[in-house]
Structure formats: structure tokens, C-alpha cells
Amino acid sequence: MAAVANTVTTLPLLPSPHAFAVPAMGSLPFLRRRMRSRRLAAVQQDAAVWTPAPVSSFGPATADGSLVHFSVDLSDATDLAASYTTPGQYLLIRVPGEDELKPAFMAIASPPGGAAFEFLVKTVPGTTAEKLCGLRDGDVLELGAIMGNGFPISRINPPDEAQTVLLFATGTGISPVRSLIEFGFAADQRADVRLYYGARNLQTMAYQDRFTNWESTGLKIIPVLSRADDSWKGERGYVQDAFLKAQNIANHFSTGAGLAMEWGGCGLDKNNPSPRVKSGAKSVPGHSEDGSGR
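Just so you know, we're using numbering that gives the first Met the number 0 here: the sequence shown kicks off at 0 and counts up by one.
Right, dumping it as C-alpha cells:
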């Protein structure tokens with residue numbers, strides 16, 4: 000952006016379960032903030048107003064079946080549908096009758112404006128996510144209110160003042176990035192818009208069937224595989240490594256804005272669901288539920 004010098008401005012992240020570093024001894028302010036965030040998350044769950052909605056579609060999202068996607072029909076929940084206004088917003092989901100399981104914070108994968116919400120999920124044993132991965136069409140879920148402000152797209156507008164936009168996602172972190180791409184942010188009016196998308200291999204990479212449409216908007220997709228076989232000719236390793244290898248931006252940290260995702264597992268961090276903002280050269284993430292970046 001024109002007003003930014005020697006830094007990447009990173010728009011709000013969806014927090015990863017691994018986003019917190021271990022605090023140094025004596026970091027009492029950090030611990031107090033974390034305890035407050037835990038209490039806030041508990042209050043949000045207790046005070047949630049639940050809206051029932053039926054599952055309208057369900058199926059594998061990857062070739063190996065490690066991720067699944069599902070949609071919920073909001074025909075009878077138009078107020079909830081209308082309250083989703085910005086990509087990057089999220090909500091709580093719970094499975095009726097599973098009171099022993101905590102509701103899951105889930106980012107919405109579909110863009111605002113539709114009559115259904117779509118989600119991408121990976122099973123985590125003993126959690127609501129595991130139950131979500133066993134859904135069937137017609138099952139009823141309960142949805143909480145829309146949370147968060149979403150991506151502040153205004154920070155990369157007007158397009159002529161943010162000609163370079165870089166997006167990073169790994170694993171299920173692609174979910175809200177999909178919402179952003181399909182909602183639109185004038186990618187075709189910018190000189191350089193890239194998505195660095197990490198996965199273990201192509202069999203674990205969701206939404207490949209959407210790549211052609213995404214690229215038609217002016218976005219360049221760069222798949223980055225951490226465990227690819229010998230036939231893979233593209234980028235290997237982690238998304239931050241592929242970004243740092245790029246040679247066609249003379250100064251990576253003074254030429255635009257970066258939208259970064261660091262989100263592992265099936266939902267948001269239950270203790271700190273609110274989006275966070277990072278700035279600086281070390282804000283390129285690569286987390287997943289096993290710490291591998293995928």
C-alpha cells in the first residue's frame with residue numbers, strides 16, 4: 000500500500016490452535032489476557048442463541064477423504080444468513096444431543112449473500128469436528144450467531160494503492176480464503192495477486208475443482224506440497240519457503256498487503272476466537288493440527 004514502507008500489512012488471521020508461543024516466566028500480562036480470552040469464549044458459548052438448520056449436502060472434499068465439506072440450508076433462518084456480511088466471519092456449531100462436546104468455532108467457506116452456509120472440516124477424535132465428519136443429508140445442526148468482523152478488505156482498497164496482494168493458507172485454512180476469493184476483492188484490477196496454498200500432497204488439497212474459476216478472477220494459485228511424490232514439478236516444502244523464493248517482487252516487504260491464514264484442524268481456537276492482526280516480515284504462517292504446516 001502506498002502509505003506502508005518496509006513492512007507487509009497482514010490482515011486479520013483466523014487463530015490457529017498453535018498460534019500461541021509459550022510465554023516466558025513472569026509474562027503475567029500475557030497469562031491474564033489468555034485467561035480473559037478463555038472466559039470470553041466460555042461466555043460466548045453459554046450465551047449463544049442457537050438456530051437449527053438441516054444439512055443439505057455432505058461429501059468428501061479431497062481425493063483421500065481426509066477433509067469433508069457440508070452445507071446447511073438457511074431457508075428458514077434468513078436473519079442468520081443476512082447477518083453474514085464479510086468473508087472471514089465465523090460461528091459456533093453444535094450437534095444436538097451431543098451435550099458433552101464443546102461447540103466448534105467454524106469459519107464459513109461460502110461467500111456472503113447465499114441461502115446456505117458451507118463449511119470445510121477435518122475430523123479430530125473426541126470433538127464436535129468428529130461428529131461433523133459423520134453427518135448425513137438431512138441431519139440437523141445448531142448454529143450460533145455470526146462472530147467477528149471478517150477480513151478488513153477496505154485496507155487493500157482502492158486497488159491502485161495495493162497492487163500486490165498475497166494470500167497464504169494451509170489445510171483447512173483455505174476455507175475462509177475461499178470465501179474471500181469468491182466474494183471478490185478486485186483481483187483483476189491489481190498487478191500481482193497470489194495464493195500460496197499448502198497441503199501434504201494433491202490428494203489432501205481441497206477445492207481443486209474451483210481453481211480455474213478462482214484464477215479467472217485474476218488470482219494466481221501456487222500449490223505448495225510438503226510430502227509430494229517424485230512426479231510433482233511444483234513448489235515443495237512450506238508456503239513461507241515458496242514465498243521467500245519468489246523473485247519477481249524486488250522488495251517483498253514494501254509492495255502491498257498480505258492476507259495470511261494460520262489455522263489448523265477443523266475450527267478456530269476455542270480460547271481465542273477473535274481475529275488478530277500481525278505486521279512485519281515474519282508474519283507468513285504455516286501451521287496445522289500436527290505442526291507440520293499441512
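Backbone N, C-alpha and C define an ideal beta-carbon position, used for all residues, glycine too.
Quick one: what's Ala115 bridged to in DSSP? Asp72
Three CB pairs or more closer than 8 Å across the segment 165 to 184 and the segment 97 to 115: yes
Flag this pair as touching only if the segment 116 to 124 and the segment 67 to 80 have three or more C-beta atom pairs under 8 Å; answer yes or no. yes
Taking only runs of the alpha helix (DSSP H) that begin and end inside the segment 131 to 192, which ones reach a length of at least 4 residues, in chain order? 173 to 182
Pull up the distance between the alpha-carbon of Gly236 and that of Leu66, whole angstroms please. 21 Å
Report all residues from its chain with a CB closer than 6 Å to the CB of Phe210; omit the five preceding and five following residues, and keep chain order. Ile220
First and last residue of the uninterrupted alpha helix (DSSP H) at Ala241: Val238 to Lys244
Who does Ala103 pair with in a DSSP beta bridge? Ile92
Any idea what DSSP makes of Ser82, helix, strand or coil? helix
With a 10 Å radius around its C-beta and 16 neighbouring C-beta atoms as the bar for buried, classify Ala81 as buried or exposed. Burial check for Ala81: the Cβ neighbour count within 10 Å stays below 16, so the residue is exposed.
What does the alpha-carbon distance come out to for the pair Asp138 and Glu97? 13 Å
Cutoff 8 Å; reference Val48; Cβ partners in own chain excluding five residues on either side: Gly143 and Ala144, listed in sequence order.
DSSP state of Ala52, grouped into three classes? strand
Taking only the alpha-carbon atoms, compute the straight-line gap between Asn148 and Pro111 and give it to the nearest angstrom. 13 Å
Which word fits Thr203, buried or exposed, when buried means at least 16 other C-beta atoms lie within 10 angstroms of its C-beta? buried
Are the segment 154 to 171 and the segment 194 to 201 in contact at 8 Å, needing three or more beta carbon pairs? yes
Assess contact between the segment 159 to 166 and the segment 181 to 192, defined as three or more Cβ pairs (one per stretch) separated by less than 8 Å. Is contact present? yes
Along the chain, where does the beta strand (DSSP E) that runs through Pro222 open and close? Lys219 to Leu224
Helix, strand or coil at Glu214 according to DSSP, with G and I counted as helix: Of the three classes helix, strand and coil, the one that applies to Glu214 here is helix, per DSSP.
Cβ-Cβ distance between Arg93 and Glu129 below 7 Å: If you check the CB distance, Arg93 and Glu129 do not come in under 7 Å.
List the DSSP bridge partners of Glu234. Val223
Work out the CA separation of Tyr206 and Ala227 for me, nearest whole Å. Our two residues, Ala227 and Tyr206, have alpha carbons roughly 18 Å apart in a direct line.
For Thr77 and Tyr83, I'd like the C-alpha separation in whole angstroms. 10 Å
Is the distance from the Cβ of Glu234 to the Cβ of Ala241 below 7 Å? yes
Determine the direct distance from the alpha carbon of Asn212 to that of Leu224, and round the result to whole angstroms. 21 Å
Can you check which of these residues, Ala185, Pro59, Pro158 and Ser153, is closest to Leu131 by C-alpha distance? Pro59
Is it right to say Lys232 is buried, meaning 16 or more other beta carbons lie within 10 angstroms of its own, or is it exposed? exposed
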